[in-house]
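The opening residue of the sequence shown carries number 2 in this note's numbering; numbering runs sequentially from there.
For reference, the structure discussed in these notes is given below.
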Amino acid sequence: MSETPYLLPAVALGPGSMPLLGFGTWPISDEDVTAATETALEAGYRHIDTATGYGNEAGIGRALAASALPSSEVFVTTKLPPDRVGQERRTLEESLSRLGLDRVDLWLVHWPPAGDAGPAVWAELVRAREEGLATSIGVSNYSLEQIDELTRLTGVTPEVNQVRWGPLLYDPAFVEGLRSRGVVLEGYSPLKATRLDDPTLVAIAEAHHSTAAQVVIAWHVMHGFVVIPKSARRDRIISNGEAVRLPLTVEQVGTIDGLAAAA
Ligand SMILES: NC(=O)c1ccc[n+]([C@@H]2O[C@H](COP(=O)([O-])OP(=O)(O)OC[C@H]3O[C@@H](n4cnc5c(N)ncnc54)[C@H](OP(=O)(O)O)[C@@H]3O)[C@@H](O)[C@H]2O)c1
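The structure is reproduced here in structure tokens:
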């Protein structure tokens, strides 16, 4: 494994930090995810996003083992699916076994359980963090109100909220809502949630001799949003990773911010 070719920007999380760039692994099969993850690690990604529901944790575990990187150097997220409510602890132990890890860096509630924000489920994540099976814990697809419900009922606020995100979904009130609660915003589907042929993005990309996909990823990084683009293609895994170095100007970030209001 070669050295990380570029310094990865990161956000403080728990006792450590979370790289802003992660490798999205859905919907890559367990068979194909090993080579894709190996490519991502070779390209310098140090953060992998998976979930019990993706069915590819074992393949990621094989890539992590083959990389010979110490587990402290690769940030790994997995998620608890709604249909495993009541079996939280066993589900996490099975994830850890497939990933070949003693602990995950981040364990998320994948979706709010039916009916409410799931305080009983959340209490199990809190217990897993206390027991050291997950360094940090959070949620995914939660509203601010649902996050507040967890805080009110358990006294513990999620550290991260992973949501569908991108320039067209940019919502400063939501950003500020998470920031003021101390919750890291992690965006998923950054490329799918964007029109990559948008003329504004294309013009900014051309100004940097880059691609619209790279501009979208760089926009997340400039804002301090975590971003987890997925690709099963070697060339795109590499070019998406290189986007963390793309120096958008403050004006360009502001122009991209404006796309949501214009959409
Ligand atoms: N928490 C949740 O509920 C949730 C939901 C959805 C996703 N996620 C996570 O977020 C990750 C990313 O989301 P996503 O996979 O939905 O969407 P995405 O990363 O925005 O987009 C992936 C799609 O974009 C294509 N692509 C990748 N790089 C490209 C590039 N440079 N130029 C053009 N097209 C490119 C990919 O095709 P190729 O593979 O052919 O390159 C794939 O079709 C997932 O993998 C998963 O880890 C979480």
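Just so it is clear, CB atoms sit at the ideal spot from N, CA and C, and this is done for glycine as well.
Source: prediction; values computed, not measured.
- Nearest neighbour of Val-140 by Cα position, chosen from Leu-134, Trp-166 and Ile-148, turns out to be Ile-148.
- Look at Asp-50 here: in three-state DSSP terms it is strand.
- The count of Cβ pairs closer than 8 Å, one atom from the region 51 to 58 and one from the region 84 to 99, reaches three, so the stretches are in contact.
- When distances are taken from the beta-carbon of His-111 to the heavy atoms of ligand 1, the shortest one is below 7 Å.
- Looking at the backbone, the Cα of Ala-69 and that of Ala-174 are separated by about 42 Å.
- Shortest gap from the CB of Ile-229 to any heavy atom of ligand 1: under 7 Å.
- For the alpha helix (DSSP H) assignment, the uninterrupted runs of no fewer than 4 residues enclosed by the region 73 to 108 are, from N- to C-terminal side, 89 to 100.
- Under DSSP, Pro-20 takes part in a beta bridge, and its partners are Ala-11.
- Asp-199 counts as buried, since no fewer than 16 other beta carbons sit within 10 angstroms of its beta carbon.
- Residue Gly-225 holds the alpha-carbon nearest to the alpha-carbon of Tyr-171 among Arg-63, Arg-47 and Gly-225.
- In terms of Cβ geometry, Ser-137 and Leu-107 form a close pair [threshold 8 Å].
- Leu-21 is positioned such that its CB atom lies closer than 8 Å to that of His-221.
- Look at Leu-249 here: in three-state DSSP terms it is coil, with no helix or strand label.
- For Ile-29, there is no enclosing alpha helix (DSSP H), as DSSP marks it with neither H nor E.
- In the DSSP assignment, Val-164 falls within the beta strand (DSSP E) that extends over 161 to 165.
- In this model, Val-86 and Val-122 are separated by some 7 Å (Cα to Cα).
- Val-140 sits in a strand when the DSSP states are folded into three classes.
- Across the set Thr-78, Glu-150, Leu-202 and Ser-18, the C-alpha of Leu-202 shows the shortest separation from the C-alpha of Val-254.
- Looking at the backbone, the Cα of Phe-24 and that of Gly-45 are separated by about 10 Å.
- DSSP links Val-227 through a beta bridge to Glu-187.
- Cβ neighbours of Asp-50 within its own chain (closer than 7 Å, five residues either side excluded): Gly-23, Phe-24, Gly-25, Thr-26, Thr-78 and Ile-229.
- Its Cα nearest to that of Val-184, the residue Val-227 stands out among Val-227, Ser-190, Val-216 and Pro-191.
- A check of alpha carbon separations from Ala-263 across Arg-196, Leu-249, Gln-215 and Val-245 identifies Arg-196 as the nearest.
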